[in-house]
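Take the sequence shown: its letter number 75 is residue 75 in full-length UniProt numbering, and every next letter is one higher. We put the beta carbon where it would ideally sit given N, CA and C, even for glycine. Keep in mind it's a predicted model, so treat the numbers as computed, not measured. Below is one structure, written out as structure tokens, with a few remarks after it.
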Amino acid sequence: MGWLDRVDDQVDALTKARALQEVSRSAEAYAILERVVRTTRAPNARADALVQRLSALINLGRTAEYTRAIEEASAAVRDLAEPYLHGHLNALAALAAHHQGALDRCVTHLVRAARALGAVDDPDRDTAWGWHDLAMAYSYLSFHGYALGAIERARQLGNAAGIPEETFAAPGIRLRNAVALDHTGDGDGCLRVLRDIATDLERFIAAGRADRLRPSSLAAYGYAGARRAALGDRVDDDRGTDPTRLLGHGADSARARDMRQLGQVCLAIAAGRPIEAVTRLDTVQVSAETLGAAEPARLRSIALGRAGDHAAAHRADRLAFRLAAQRHDRLRDVYIDGIAARIDHEEMRREAARFEGEALTDPLTGLPNRRRLERYIAAVVSRGERVVIGVCDLDGFKAVNTRHGHHSGDLVLQRVAGVINRVMRRGDFVARYGGDEFVVVLPGAGMAEAAEVARRIDAAVRTEDWESLVPGTPVGVSIGFGEVGAGGPGQRDALSAAFEAADREMLQAKVRPRSA
1 MGWLDRVDDQ VDALTKARAL QEVSRSAEAY AILERVVRTT RAPNARADAL VQRLSALINL
61 GRTAEYTRAI EEASAAVRDL AEPYLHGHLN ALAALAAHHQ GALDRCVTHL VRAARALGAV
121 DDPDRDTAWG WHDLAMAYSY LSFHGYALGA IERARQLGNA AGIPEETFAA PGIRLRNAVA
181 LDHTGDGDGC LRVLRDIATD LERFIAAGRA DRLRPSSLAA YGYAGARRAA LGDRVDDDRG
241 TDPTRLLGHG ADSARARDMR QLGQVCLAIA AGRPIEAVTR LDTVQVSAET LGAAEPARLR
301 SIALGRAGDH AAAHRADRLA FRLAAQRHDR LRDVYIDGIA ARIDHEEMRR EAARFEGEAL
361 TDPLTGLPNR RRLERYIAAV VSRGERVVIG VCDLDGFKAV NTRHGHHSGD LVLQRVAGVI
421 NRVMRRGDFV ARYGGDEFVV VLPGAGMAEA AEVARRIDAA VRTEDWESLV PGTPVGVSIG
481 FGEVGAGGPG QRDALSAAFE AADREMLQAK VRPRSA
């Protein structure tokens with residue numbers, strides 16, 4: 001079952017909006033989606049419309065509206081347990097953040113999008129489009145390897161859903177890779193990639209499938225051809241490969257419009273009209289994100305070189321290189337800042353764990369404290385396990401504090417804690433309950449086992465060399481046990497009764513005569 005199968009309102013309108021966006025008629029799609037948002041009360045339909053509306057705004061280049069559109073879509077998607085929606089929304093939010101120049105936010109959305117889309121149990125054509133938009137976001141950020149991986153995933157899912165291969169041809173991904181190589185001085189590498197793009201187009205034409213290519217893809221093929229021509233490569237203008245004709249496609253796509261303007265600059269250079277090309281560059285207004293901020297400067301350098309002004313061409317080329325380097329520097333800063341934030345988070349987590357440990361541990365004896373004891377007993381009882389609880393109260397401890405002081409009293413408590421811990425069975429639990437009172441918990445034991453544990457504790461405490469530690473003030477221990485039965489109702493009352501029984505037995509032990 002695909003995502004739209006779970007949408008129960010205005011499915012026809014949402015399907016039509018998708019089809020319009022696929023052929024770069026985003027303005028018409030936007031109008032339909034606005035009507036759905038205004039009229040539907042179904043959560044799934046509203047969430048889908050808001051995500052698709054964000055896609056339309058990005059295609060139209062309406063940057064000022066991105067933030068509000070993301071907030072509204074996020075609010076609608078937040079409580080829906082649908083990974084496709086979360087993945088596609090984050091992919092689109094990454095594109096928006098990139099166009100807004102917020103690279104750190106862009107990278108965060110990229111990671112979230114990949115994780116959510118990868119978690120879709122039953123991927124369909126909508127999931128394929130989610131991977132397509134994620135590939136575009138990777139590409140704009142110059143993560144070309146990730147972009148190629150994501151678009152291949154889109155093709156695989158699209159093929160399974162009956163979407164033609166040409167739909168996800170995505171020449172723009174390799175085009176951005178090509179011009180990025182040229183911006184950093186690798187003109188040969190750029191031409192190699194541009195020729196590969198041309199070969200793909202020729203393959204589609206030869207197979208009679210060029211008419212299935214999306215309008216935005218045709219514009220990208222057109223720019224790839226024009227850019228090759230500007231670099232001096234011979235470009236055939238027959239069999240549907242004419243850059244001028246291809247650049248006319250793209251409908252209302254903002255990115256296609258940018259490529260159309262810069263493509264005219266490239267064609268002027270190729271036609272031997274470099275001054276016209278420079279004049280065009282002085283007037284064009286294109287987004288720095290479509291082909292990189294360095295692309296206009298690099299085209300200016302090529303045009304000025306063809307015009308014979310080599311000094312100015314060199315200056316423009318250095319500017320292009322600096323602008324490309326700035327992109328890499330910003331990505332590096334995002335990477336470093338991300339690592340720093342992760343380190344800070346790990347340190348805070350460790351610090352929180354340390355404080356949590358301190359909050360559950362008696363600082364004097366190192367034993368679990370009363371809070372941790374209560375959590376442990378609650379967990380054991382909730383599992384329906386049988387336990388015996390023992391209360392151990394020191395005899396003679398008040399005299400130690402009176403005669404030798406509280407420092408010596410602390411030493412006695414520390415030694416008693418060690419003695420009790422030493423004689424317990426494996427798996428038993430020992431805690432300091434407060435003052436001179438300790439509690440032992442014997443899971444899975446009965447009163448017979450408890451009596452044996454009590455005998456061992458009493459013997460170990462009595463045989464300890466208290467005379468050398470606190471002369472003249474012998475130390476002993478009184479122990480009482482109570483049992484909590486396994487399972488059944490009223491376990492909290494049974495637990496309280498066990499503590500009371502242990503306390504009573506412990507008090508009786510204090511007045512009971514002891515063997516020498």
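For residue i, name the three-state secondary structure that DSSP assigns.
i: D186; result: coil
i: R426; result: coil
i: L4; result: helix
i: G232; result: coil
i: I269; result: helix
i: L394; result: strand
i: T463; result: coil
i: F143; result: coil
i: G172; result: helix
i: S468; result: helix
i: residue 586; result: Because the chain in this structure spans residues 1 to 516, residue 586 falls outside the shown range and cannot be described.
i: A361; result: Note that residue 361 corresponds to Thr in the displayed sequence, not to Ala. Strand, per DSSP.
i: E71; result: helix
Quick check: what's the CA-CA separation for residue i versus residue j?
i: S142; j: Q261; result: 22 Å
i: G488; j: K398; result: Because the pLDDT of G488 is 46, which lies under 50, any placement of that residue in the model is unreliable, and the question is left without a value.
i: S408; j: D395; result: 15 Å
i: L191; j: P171; result: 14 Å
i: S478; j: D465; result: 18 Å
i: G490; j: E374; result: Confidence in G490 is poor, its pLDDT being 45 and thus under 50, which makes the residue's placement unreliable; the coordinate value appears in the next sentence. So the alpha carbons of these two residues sit roughly 17 Å apart.
i: V235; j: R228; result: 7 Å
i: L201; j: Y221; result: 7 Å
i: E500; j: R403; result: 32 Å
i: L319; j: A288; result: 14 Å
i: D8; j: R176; result: 40 Å
i: Y223; j: P243; result: 7 Å
i: A19; j: V107; result: 29 Å
i: H328; j: L291; result: 15 Å
i: G472; j: V400; result: 9 Å
i: G2; j: D12; result: 15 Å
i: I163; j: L246; result: 23 Å
i: A219; j: R330; result: 29 Å
i: E34; j: G130; result: 21 Å
i: Q52; j: H144; result: 25 Å
So, using beta-carbon positions, are residue i and residue j closer together than 9 Å?
i: A251; j: R25; result: yes
i: D124; j: L4; result: yes
i: Y376; j: A450; result: no
i: A137; j: H109; result: yes
i: A73; j: L54; result: yes
i: A226; j: A324; result: no
i: G149; j: A128; result: no
i: R6; j: E71; result: no
i: V453; j: R426; result: no
i: L213; j: E152; result: no
i: L360; j: F438; result: no
i: A45; j: Q10; result: yes
i: S217; j: R255; result: no
i: L413; j: L469; result: no
Use the C-beta contact count for residue i: other C-beta atoms within 10 angstroms, 16 or more gives buried, fewer gives exposed.
i: T199; result: exposed
i: G480; result: buried
i: D121; result: exposed
i: I58; result: buried
i: I275; result: exposed
i: residue 521; result: Outside the shown range of the chain, which is 1 to 516, sits residue 521, and nothing can be said about it.
i: M447; result: exposed
i: M506; result: buried
i: A516; result: Residue confidence for A516 is low, a pLDDT of 43 falling below 50, so the modelled location carries little weight; the figure read from the coordinates is stated next. Exposed, since its Cβ has fewer than 16 Cβ neighbours within 10 Å.
i: T365; result: buried
i: E295; result: buried
i: D238; result: exposed
i: G263; result: buried
Taking CB distances under 9 Å as the criterion, tell me whether residue i reaches chain B.
i: I58; result: Among the chains in the structure shown there is no chain B, since it carries only a single protein chain.
TODO: Spell out a yes or no on whether the region 477-486 and the region 383-399 are touching, meaning 3 or more CB-CB pairs, one atom from each, closer than 8 Å.
DONE: Yes, the region 477-486 is in contact with the region 383-399.
Task: Touch test, the region 280-287 against the region 296-312, Cβ-Cβ under 8 Å, three pairs minimum - done: Yes, the region 280-287 touches the region 296-312.
Open item on the list: Check whether the region 77-89 and the region 108-119 are in contact - that is, three or more C-beta pairs closer than 8 Å.
Closed with: Between the region 77-89 and the region 108-119, the count of Cβ pairs shorter than 8 Å is three or higher; the stretches touch.
- [ ] Indicate whether the contact test is met: 3 or more Cβ pairs, each with one atom in the region 93-104 and one in the region 57-66, closer than 8 Å.
- [x] Counting C-beta pairs closer than 8 Å gives three or more between the region 93-104 and the region 57-66, which meets the contact rule.
Open item on the list: For the region 404-419 against the region 454-465, do three or more pairs of beta-carbon atoms, one drawn from each stretch, fall closer than 8 Å, so that the two count as touching?
Closed with: With a cut-off of 8 Å on Cβ pairs, the region 404-419 is in contact with the region 454-465, counting three or more such pairs.
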